[in-house]
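Counting in the working numbering, the sequence shown runs from 173 upward without gaps. Note sheet for the following structure.
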Amino acid sequence: MCDVLFSVKTKNNNDAFIYVLIEAELRSDYWIAFKLWQYTLSILKRHKKGLKKRTKERGKLPIVVPIVVYHGSERFNAPRTLWELFDDPKLAKKLMGSEYLLIDWQAMPDSEIKRKATAALVHFMKYIHNQPDIIELWAKFFDTLQEIAQKDKENGFLYIKALLHYTISKVSKNEQPRLKQLLDENLSIEDRKRIMGTIAAQYIDEGIAKGRAEGIEIGETKGRAEGIAEGIAKGRAEAAQELARNLLKAGFSVEFISENTGLSKEEVINLKNNIEY
Numbered sequence: 173m174c175d176v177l178f179s180v181k182t183k184n185n186n187d188a189f190i191y192v193l194i195e196a197e198l199r200s201d202y203w204i205a206f207k208l209w210q211y212t213l214s215i216l217k218r219h220k221k222g223l224k225k226r227t228k229e230r231g232k233l234p235i236v237v238p239i240v241v242y243h244g245s246e247r248f249n250a251p252r253t254l255w256e257l258f259d260d261p262k263l264a265k266k267l268m269g270s271e272y273l274l275i276d277w278q279a280m281p282d283s284e285i286k287r288k289a290t291a292a293l294v295h296f297m298k299y300i301h302n303q304p305d306i307i308e309l310w311a312k313f314f315d316t317l318q319e320i321a322q323k324d325k326e327n328g329f330l331y332i333k334a335l336l337h338y339t340i341s342k343v344s345k346n347e348q349p350r351l352k353q354l355l356d357e358n359l360s361i362e363d364r365k366r367i368m369g370t371i372a373a374q375y376i377d378e379g380i381a382k383g384r385a386e387g388i389e390i391g392e393t394k395g396r397a398e399g400i401a402e403g404i405a406k407g408r409a410e411a412a413q414e415l416a417r418n419l420l421k422a423g424f425s426v427e428f429i430s431e432n433t434g435l436s437k438e439e440v441i442n443l444k445n446n447i448e449y
């Protein structure tokens with residue numbers, strides 16, 4: 173694969189760039205259209221990175237013209253477009269090849285958001301990122317949207333889990349007991365365990381992903397498989413400990429934290445004794 177950059181003039185006499193992407197193929201590769209999209213995105217990413225260095229303006233991306241030079245012995249019969257690789261090419265092109273769908277909470281009137289019961293949670297999500305007192309927002313949520321909380325329960329607490337995951341990482345240590353009190357007053361023990369168990373898994377998954385990335389770097393010197401395994405283990409442990417600290421600050425019991433993070437009671441107690449409030 174090679175790409176050649178051409179500089180051209182537009183009708184308005186502005187400078188523009190066109191990349192010609194040339195891929196030589198000896199066989200009819202079924203996935204060639206997908207590979208060309210990958211190459212194209214790599215070219216655009218590289219160009220964007222260079223734009224950032226050359227100018228402070230946002231700039232524009234260049235057009236990329238993909239060309240396949242086939243010199244195999246059999247007839248070329250691979251799909252010519254990315255969309256042909258989907259079960260429904262027309263639908264794929266319509267949803268992925270046109271404007272992305274935009275749900276603009278900030279521009280949406282509150283009355284429109286509240287019109288549907290299940291969308292009332294979006295009303296809460298609209299303000300949580302800019303609310304100075306997140307706990308007060310939670311209090312309003314439980315006070316006015318009990319019916320919606322019940323509907324969210326039927327869906328596995330999809331929204332509440334996401335919002336609580338965000339809240340735990342943002343709420344100050346002084347506010348954490350208030351958050352626990354609200355959860356205790358409005359959710360059953362079973363529901364709290366269900367929600368916090370999922371959040372614990374999310375924290376640990378994030379730690380594993382971070383650890384995997386660090387492990388790849390470690391693997392360059394220690395051996396790839398060993399390094400990745402070490403990084404994953406480290407990431408899982410750090411994520412569990414970080415969540416345990418947050419829950420301790422919020423006043424959750426050692427037993428509850430141990431059950432939901434995978435840490436032993438002794439480990440949680442040790443964290444509790446060394447935590448900085």
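We treat Cβ as the ideally placed atom computed from N, Cα and C, and that holds for glycine. Being a predicted model, the structure only gives us computed values, none of them experimental.
Do you know offhand how far residue i's Cα is from residue j's?
i	j	result
T339	I306	7 Å
L354	K365	15 Å
K352	N418	11 Å
R350	K221	45 Å
K232	R199	35 Å
L359	F314	10 Å
K437	A409	14 Å
D356	L263	46 Å
I447	G434	19 Å
S179	K217	18 Å
L273	A412	36 Å
D276	L213	26 Å
F189	G328	50 Å
E362	I332	15 Å
E246	K181	40 Å
Can you tell me whether DSSP reads residue i as helix, strand or coil?
i	result
A412	helix
G391	Since pLDDT at G391 reaches only 47, below the 50 mark, its modelled position is unreliable, and the value read off the structure follows with that caveat. G391 falls in the helix class under three-state DSSP.
K181	strand
A311	helix
E362	helix
L193	strand
A279	coil
D201	coil
D187	strand
Rounded C-beta distance between residue i and residue j? I'm assuming under 8 Å.
i	j	result
D201	A250	6 Å
L208	L193	7 Å
Y191	P234	5 Å
F206	L257	6 Å
How about residue i and residue j: do their beta carbons lie closer than 9 Å?
i	j	result
S425	E439	no
P238	E197	no
I452	V236	Residue 452 is absent from the structure shown; the chain starts at 173 and stops at 449.
G420	K444	The amino acid occupying residue 420 in the given sequence is Leu; Gly does not appear at that position. Contact: yes.
G269	W255	yes
Those runs of the beta strand (DSSP E) which lie wholly inside the stretch 212-268 and span at least 3 residues: Entirely contained in the stretch 212-268, the beta strand (DSSP E) runs reaching 3 residues are, in chain order, 235-242.
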